[in-house]
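Read through the structure below, which is laid out as structure tokens, and then see the notes.
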Amino acid sequence: MGGEVSAGISGVATKTYGESADGFAAGIDDPGKATLEKLYVGWKTDLGGDDFFEIVGGDFDYEIGTGFLIKDGGRDGGDRGGFYLGARSASRSSGLVRLQKGELLLEGFWLGNNPGRGGIKAHVGGVNAEYDVSERASIGATYIEVAHFDDPVTANTAEELKTYDVRAAVNVTDRFTLSGEYALQDGASFYEGNGWYLQGDYALEDLRFEPTLTYRYAVVTGDDPTTPQNEEFVPLAYGFTDYGQWYQGEITGNWIFGNSNQKTHMIKGSATLTDSVSVTASWLNFTLDEPGQIGVSDEAFGDEIDVFLDWQATDRLFLSAVAAVMIPGDGAEQFTGGDKTWSHIMFYASVAF
Ligand SMILES: [Ca+2]
Ligand SMILES: [Ca+2]
């Protein structure tokens, strides 16, 4: 049986000047670090048509679906700096087997995280299946089990955390796509979290600027402090696959919430102004699922408005500008003890070479 061998290596160096805003580098001035990112070998064999079998081992990128559960295995920020850039995503000491047979994709994975200083190393194992029901509909299901922690205290319960996930996407019409996902967690007679979302996308492709409108409602549960079980959704290794997904809100998603204890409405519009310039604007409304988890009584957390302008200036130069405001609700005011509107303006440049 013939096959094709692949291999890759890459590194990441980041530095934040002054104090890091992520709050995980307290006491460290100018945090920064160079780390190995990808280092893998793989083998893939063609099984005819679009079918293949593939095996990969080492440190590599892996994502499932929209990145709601698994996308980013690499810790950014803390002693490494560069929190917002999120340059690290590869998992460590990992393995993947993948079989595409007709409309069915089957994957088995063993993934290790890449924690920063003081972080805990863990592995998860699981299986993922995706199936194209028709040209217009696809379904997926994933099982993930936390398998190994290097920290005995955390391992005590966390090694029994199990996540069961199902998802589907349907092109209801040529313009309208409905998608959703539901993840249930249990294990150790302790975990009782769940996370889900339902999203509709409406593409006005025949209009000028080809605008797309999106509405999404997402729930990731919080812990009720009056019960011994942990009802908080454990967000695993979610990552960025689009604006608001899965950093929900530039301010709220990056700096406040880690994809748990929130119920979020999002309305998002995006448009392609020219071949190289696009604009995206979103409004997000946040409600706490369990205000008691963060010691407040009001569930209203706030509203956020984000505007993104992206410009592929040349083949190699990509520029982006972000403006965001977060208007805190009563719950956020109780949590922070302040009532000021938070704002954030950011410019981003990336050069590919
Ligand atoms: Ca990362
Ligand atoms: Ca509880």
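Note that the sequence shown covers residues 1061 to 1413 in the numbering used here. Ideal Cβ positions, reconstructed from N, Cα and C, are used throughout, including at glycine. Everything numeric in this text was worked out from a predicted model, so none of it was measured.
Own chain residues within Cβ distance below 6 Å of residue i, not counting five before or after
i            : result
residue 1102 : 1066, 1116
residue 1064 : 1104
residue 1248 : 1217, 1220
residue 1406 : 1382
residue 1402 : 1311, 1386
residue 1166 : 1159, 1189
residue 1237 : 1231, 1261
residue 1072 : 1095, 1097, 1147, 1148
residue 1309 : 1344, 1364
residue 1389 : 1360, 1361, 1362
residue 1163 : 1191, 1192
residue 1368 : 1303, 1340, 1382
residue 1301 : 1126, 1127
residue 1155 : 1117, 1170
residue 1195 : none
residue 1284 : 1291, 1350
residue 1259 : 1239, 1276
residue 1093 : 1140
residue 1366 : 1310, 1342, 1384
residue 1168 : 1157, 1187
Beta carbon of residue i nearer than 8 Å to that of residue j
i            : j            : result
residue 1278 : residue 1235 : no
residue 1243 : residue 1225 : yes
residue 1359 : residue 1344 : no
residue 1091 : residue 1140 : yes
residue 1095 : residue 1148 : yes
residue 1321 : residue 1350 : yes
residue 1069 : residue 1099 : yes
residue 1257 : residue 1290 : no
residue 1185 : residue 1202 : no
residue 1379 : residue 1341 : no
residue 1280 : residue 1240 : no
residue 1375 : residue 1338 : no
residue 1074 : residue 1145 : yes
residue 1329 : residue 1273 : yes
Residue from the options with nearest C-alpha to residue i
i            : options                : result
residue 1135 : 1192, 1227, 1180, 1118 : 1180
residue 1323 : 1330, 1302, 1313, 1346 : 1346
residue 1315 : 1130, 1404, 1215, 1178 : 1404
residue 1113 : 1158, 1366, 1125, 1287 : 1158
residue 1327 : 1286, 1292, 1275       : 1275
residue 1293 : 1151, 1272, 1253, 1268 : 1253
residue 1223 : 1204, 1241, 1214, 1233 : 1204
residue 1373 : 1366, 1398, 1412, 1384 : 1412
residue 1356 : 1337, 1200, 1334, 1282 : 1282
residue 1313 : 1384, 1329, 1335       : 1384
residue 1265 : 1333, 1295, 1200       : 1333
residue 1354 : 1245, 1395, 1079       : 1395
residue 1336 : 1317, 1296, 1377, 1366 : 1377
residue 1178 : 1195, 1199, 1194, 1210 : 1210
residue 1107 : 1062, 1093, 1168       : 1062
residue 1200 : 1227, 1168, 1122       : 1227
Neighbourhood of residue i by C-beta, 7 Å cutoff - its chain only, sequence neighbours within 5 removed
i            : result
residue 1183 : 1170, 1171, 1172, 1207, 1208
residue 1393 : 1399
residue 1246 : 1222, 1252
CB-CB length for residue i against residue j, believed under 8 Å
i            : j            : result
residue 1151 : residue 1133 : 3 Å
residue 1331 : residue 1270 : 7 Å
residue 1348 : residue 1391 : 5 Å
residue 1120 : residue 1082 : The pair is not a contact, with the Cβ atoms about 25 Å apart (cut-off 8 Å).
Cβ shell of residue i (< 8 Å), same chain only, five flanking positions each side left out
i            : result
residue 1298 : 1127, 1128, 1129, 1130, 1131, 1132, 1306, 1319
residue 1286 : 1352
residue 1110 : 1160
residue 1174 : 1095, 1119, 1133, 1134, 1135, 1148, 1150, 1151, 1152
residue 1080 : 1088, 1091, 1137, 1138, 1141, 1143
residue 1296 : 1129, 1130, 1184, 1204, 1223
Exercise for the section: Pick out the complete alpha helix (DSSP H) segments inside the segment 1120-1157, 4 residues or longer, and give them in chain order. Expected result: none
Handout entry: Inside the segment 1243-1306 only - beta strand (DSSP E) runs reaching at least 3 residues
Key = 1254-1263, 1272-1280
Handout entry: Inside the segment 1332-1406 only - beta strand (DSSP E) runs reaching at least 3 residues
Key = 1337-1347, 1360-1372, 1377-1388
Handout entry: Those runs of the beta strand (DSSP E) which lie wholly inside the segment 1085-1121 and span at least 3 residues
Key = 1092-1106, 1112-1119
Problem - Segments of 4+ residues assigned as alpha helix (DSSP H) that fall wholly inside the segment 1157-1226 - result: 1212-1218
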